[in-house]
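I have placed the structure first, in the form of structure tokens, so that the comments after it can refer back to it.
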Amino acid sequence: MVRALTEVLDPQEESAAAWAAEFRHVVEATLERSEGDENGDGVLDDREAARLWKRVAERLNEEFGRREGGFARLMYGKTLPSTRRLLQLAFNRNNSFPRVLVAQSVVGREGLNLHRACRTVVLLHPEWNPGVVEQQIGRVDRLSSYWEQLLTEVERQTVESRGEVPRIEILPVIFKGTYDEHNWAVLRRRWDDLRAQLHGVIVPPSSHGDDPETAALAHVINAMAPDFSPPDGR
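Just so you know, we're using this note's numbering here: the sequence shown kicks off at 60 and counts up by one.
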């Protein structure tokens with residue numbers, strides 16, 4: 060338990076309230092909802108609590124008693140639910156391991172919140188559906204994300220002192236001259252179609268290249284698309 064807490068807590072944090080909060084988060088991450096309530100009365104008696112605490116200790120020992128390094132971790136279909144929750148809890152802390160989380164394509168699409176300390180997505184698995192890739196990117200593009208915090212800090216600065224606007228970094232891994240290159244070309248075309256249908260980018264930049272006349276016409280057409288963005292100053 061001590062190792063679990065030290066891995067998720069900020070090294071500079073010394074307050075008892077912070078330790079108590081993280082203790083609760085760690086214990087909750089190891090358990091399913093209502094787990095241990097054997098008679099369904101909504102209250103853990105002494106016998107149920109003792110059995111449940113033994114289960115918590117076993118799961119924490121399995122997760123934090125491993126010998127392999129913790130800088131990078133793998134999450135795939137056979138990863139236990141308790142391990143998934145503990146990995147999410149640790150990954151969402153700025154000073155804890157893992158720093159890199161490799162998630163299987165299906166596992167990394169939905170239900171994971173990995174946004175509080177990360178804004179970089181490396182796409183290792185070739186996908187054909189841009190909607191699937193959007194879901195994967197969405198793991199770090201959420202409310203109260205690390206990217207949103209950086210953007211808020213930039214907005215507080217004067218225009219003259221602002222540097223580059225922070226963005227979510229999306230890094231596809233493509234080996235030139237392989238099937239990956241064809242896959243990426245197809246995915247980009249389909250992504251353009253998705254933006255045309257959902258984001259109002261009717262004529263994508265990739266369709267007109269460097270032709271200024273075509274680019275100007277595309278700009279006029281895109282400007283006519285409905286804009287559902289909130290008004291300035293909201």
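Even glycine gets a Cβ: it sits at the ideal position worked out from N, Cα and C.
Since this is a predicted model, take the numbers as computed values, not measurements.
Exercise. Using DSSP with H/G/I as helix, E/B as strand and the rest coil, what is Leu-182?
Worked result: The residue you call residue 182 lines up with position 123 of the sequence shown. Reduced to three states, the DSSP call for Leu-182 is strand.
Exercise. Who are the near neighbours of Ile-233 in its chain, counting only those whose CB is closer than 7 Å to its CB and skipping five residues on each side?
Worked result: As a working mapping, residue 233 is identified with position 174 in the sequence shown. Around Ile-233: Asp-239, Glu-240 and Trp-243.
For this session: Alpha carbon to alpha carbon, how far is Gly-197 from Glu-272? Give it in angstroms, no decimals.
Result: By 1-based counting over the sequence shown, the position of residue 272 is 213. By 1-based counting over the sequence shown, the position of residue 197 is 138. Between Glu-272 and Gly-197, the C-alpha separation is close to 35 Å.
Exercise. Fully enclosed by the stretch 138–204, which beta strand (DSSP E) runs are 3 residues long or longer?
Worked result: Counting only runs of at least 3 residues, the stretch 138–204 fully encloses the following beta strand (DSSP E) elements, listed from N- to C-terminal order: 159–162 and 179–182.
Problem set entry | Where the alpha helix (DSSP H) containing Pro-271 begins and where it ends | For the purposes of this step, residue 271 is taken as residue 212 along the sequence shown, with counting starting at 1. For Pro-271, the enclosing alpha helix (DSSP H) starts and ends at 271–282.
For this session: Assign Gln-256 to one of two classes, buried (16 or more other C-beta atoms within 10 Å of its C-beta) or exposed (fewer than that).
Result: Reading the sequence shown from its first residue, position 197 is the one you call residue 256. The residue in question, Gln-256, is exposed, as its Cβ has fewer than 16 Cβ neighbours within 10 Å.
For this session: Specify whether the stretch 217–229 and the stretch 177–185 touch according to this definition: at least 3 beta carbon pairs, one from each stretch, less than 8 Å apart.
Result: Here the stretch 217–229 lies against the stretch 177–185, with 3 or more beta-carbon pairs under 8 Å apart.
For this session: Starting from Glu-228, follow the beta strand (DSSP E) in both directions and report where the run begins and ends.
Result: Looking up residue 228 in the sequence shown gives position 169. Boundaries of the beta strand (DSSP E) harbouring Glu-228: 228–231, taken from the DSSP string.
Problem set entry | Straight-line Cα distance separating Asp-251 from Lys-137 | Reading the sequence shown from its first residue, position 78 is the one you call residue 137. Reading the sequence shown from its first residue, position 192 is the one you call residue 251. Cα to Cα, Lys-137 sits roughly 35 Å from Asp-251.
Exercise. If you draw a straight line from the alpha carbon of Tyr-205 to that of Asn-188, how long is it in whole angstroms?
Worked result: If you number the sequence shown from 1, residue 205 lands on position 146. If you number the sequence shown from 1, residue 188 lands on position 129. The alpha-carbon atoms of Tyr-205 and Asn-188 are separated by roughly 26 Å.
Exercise. Using DSSP with H/G/I as helix, E/B as strand and the rest coil, what is Leu-133?
Worked result: As a first step, residue 133 must be located in the sequence shown, where it is residue number 74. DSSP places Leu-133 within a strand segment (E or B) once states are collapsed to three.
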